[in-house]
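Peer 1: What follows is a single structure, and I will ask about it in a moment.
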Amino acid sequence: MIRESELRKAAPRYLEIADILQSEIGRGLYQLDERLPSEVQLCGRFRENRYTIRQALDILLHTGVIRSHQGKGHYVCKKPLDLQYTITPSTRYSHVMEGLGCKPQARLLHQERQKAPAAVAEALRLDADEDVYRLEILRYADSVPLTWNMTWLPVRFVPDLMEHTASLGSLYELLEVQYGLRLHRIWSTFQATYPTALVAGYLQISPNTNLLQIESVMRDDDHRLVEYTSAKYRGDLCRVSIQFE
């Protein structure tokens with residue numbers, strides 16, 4: 001069994017320092033709007049150079065724990081979001097956000113028609129040569145990027161889909177209004193992961209920020225497998241729970 005002390009030794013020093021400072025902020029050692037010790041003071045405390053200290057502070061900046069004021073230092077700030085996102089068989093992102101008092105938004109990053117990847121074809125029980133639409137969608141809550149989604153939909157269920165996505169708001173509302181499809185979750189898998197550089201850029205986070213990746217398959221009222229989606233939620237802003245109905 002690997003001991004906690006051994007794990008800490010294996011972690012980069014700046015991550016260890018960031019973890020210590022975040023833990024102290026969480027325990028109330030530093031209050032909201034309070035200034036953190038200066039970089040020089042932190043260098044002395046942790047016996048590290050300024051570059052390492054700045055790396056640690058950058059982690060806290062990217063995760064929204066602190067804010068920086070030019071020439072004045074770093075201050076503890078309130079997280080922009082602290083959401084309890086609940087997944088049910090009929091969950092809609094827009095409805096959940098509205099229920100939490102947040103304004104939902106969606107930005108379509110990319111869309112294309114392609115042959116179904118093997119994993120998608122297997123999950124949706126498609127023929128090997130069947131076409132799907134692939135959508136990359138960035139979803140927001142109160143203008144804060146919260147989740148990056150990759151979604152696949154078989155073309156035969158949503159013909160000419162890309163002609164209707166110019167002003168995408170809610171994907172499920174579009175599917176229901178345009179195609180008469182009401183979707184229900186039949187299974188999901190959960191996995192902790194880290195973002196790629198591209199996803200980190202879209203979510204405005206550090207590449208070291210934890211994400212919760214949720215992959216799901218959805219069916220319609222006729223029990224046809226209609227959607228396969230992979231969603232990456234920001235672990236620093238969102239807690240996900242499952243509600244069984």
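Going by my numbering, the residue at position 206 of the sequence shown is 206; the numbering climbs one at a time, nothing skipped.
Note that the Cβ used here is the ideal one computed from N, Cα and C, for glycine as well.
Starting from the C-beta of residue 113, find all residues in its chain whose C-beta is less than 6 Å away, skip the five residues before and the five after it, and write them out in chain order.
Peer 2: The residues are 131 and 133.
Peer 1: Residue range of the alpha helix (DSSP H) that residue 64 falls in?
Peer 2: Unbroken run through residue 64: none, as it is neither H nor E.
Peer 1: Cα separation between residue 172 and residue 117?
Peer 2: Their backbone Cα atoms lie some 22 Å apart in a straight line.
Peer 1: When you compare only the Cα positions, how much space is there between residue 8 and residue 20?
Peer 2: A caution first: residue 8 carries a pLDDT of 46, below 50, which makes its placement in the model unreliable, though a value can still be read off. C-alpha separation (whole angstroms): 11 Å.
Peer 1: Going by the CB atoms, is the gap between residue 153 and residue 161 shorter than 8 Å?
Peer 2: Yes, the pair counts as a contact, with Cβ atoms nearer than the cut-off.
Peer 1: Report the rounded CA-to-CA distance for residue 16 versus residue 211, giving the unit in angstroms.
Peer 2: For residue 16 and residue 211, the distance between alpha carbons rounds to 19 Å.
Peer 1: Within 10 Å of its beta-carbon, does residue 232 have 16 or more other beta-carbons around it, so buried, or fewer, so exposed?
Peer 2: Result: buried.
Peer 1: May I ask which residues mark the beginning and end of the beta strand (DSSP E) holding residue 238?
Peer 2: Taken as a continuous stretch (DSSP letters only), the beta strand (DSSP E) holding residue 238 covers 238-242.
Peer 1: Rounded to the nearest angstrom, what separates residue 58 and residue 230 at their Cα positions?
Peer 2: Approximately 28 Å, taken between the alpha carbons.
Peer 1: Note down, in chain order, each residue of its chain lying with its Cβ closer than 7 Å to the Cβ of residue 60, except the 5 sequence neighbours on either side.
Peer 2: These residues qualify, in order along the chain: 18, 21, 22 and 66.
Peer 1: Measure the Cβ-Cβ separation of residue 73 and residue 36 and say whether it is below 8 Å.
Peer 2: Contact flag set, yes.
Peer 1: Taking buried to mean at least 16 other C-beta atoms within 10 Å of its own C-beta, is residue 250 buried or exposed?
Peer 2: Because the chain here runs from 1 to 245, residue 250 falls outside it and cannot be looked at.
Peer 1: Pull up the CB-CB distance for residue 246 and residue 94, whole angstroms please, since I reckon it's below 8 Å.
Peer 2: Limits of the chain in this structure are 1 at one end and 245 at the other, which puts residue 246 out of reach.
Peer 1: Using the Cα positions of residue 192 and residue 127, report the straight-line distance between them to the nearest angstrom.
Peer 2: So the two alpha carbons sit approximately 31 Å from each other.
Peer 1: Give the list of continuous alpha helix (DSSP H) stretches no shorter than 4 residues that lie fully inside the stretch 14-65.
Peer 2: For the stretch 14-65, whole alpha helix (DSSP H) runs of length 4 or above, ordered along the chain, are 39-46 and 50-62.
Peer 1: The alpha helix (DSSP H) that contains residue 176, what's its start and end?
Peer 2: Residue 176 -> alpha helix (DSSP H) spans 171-179.
Peer 1: I'd like the span of the beta strand (DSSP E) that includes residue 112, first residue to last.
Peer 2: Here the beta strand (DSSP E) through residue 112 covers 104-115.
Peer 1: Would you check if the stretch 135-147 and the stretch 98-114 touch, i.e. whether three or more CB-CB distances between them fall below 8 Å?
Peer 2: Contact holds: three or more Cβ-Cβ distances are below 8 Å.
Peer 1: Tell me which same chain residues have a C-beta within less than 7 Å of the C-beta of residue 145, skipping the five on either side of it?
Peer 2: Around residue 145: 138, 202, 203 and 204.
Peer 1: Whole angstroms is fine: what's the gap from residue 115's alpha carbon to residue 56's?
Peer 2: Going by the C-alpha atoms only, they are around 43 Å apart.
Peer 1: Nearest by alpha-carbon distance to residue 77: which of 234, 83 and 69 is it?
Peer 2: When only C-alpha atoms are compared, the closest one is 69.
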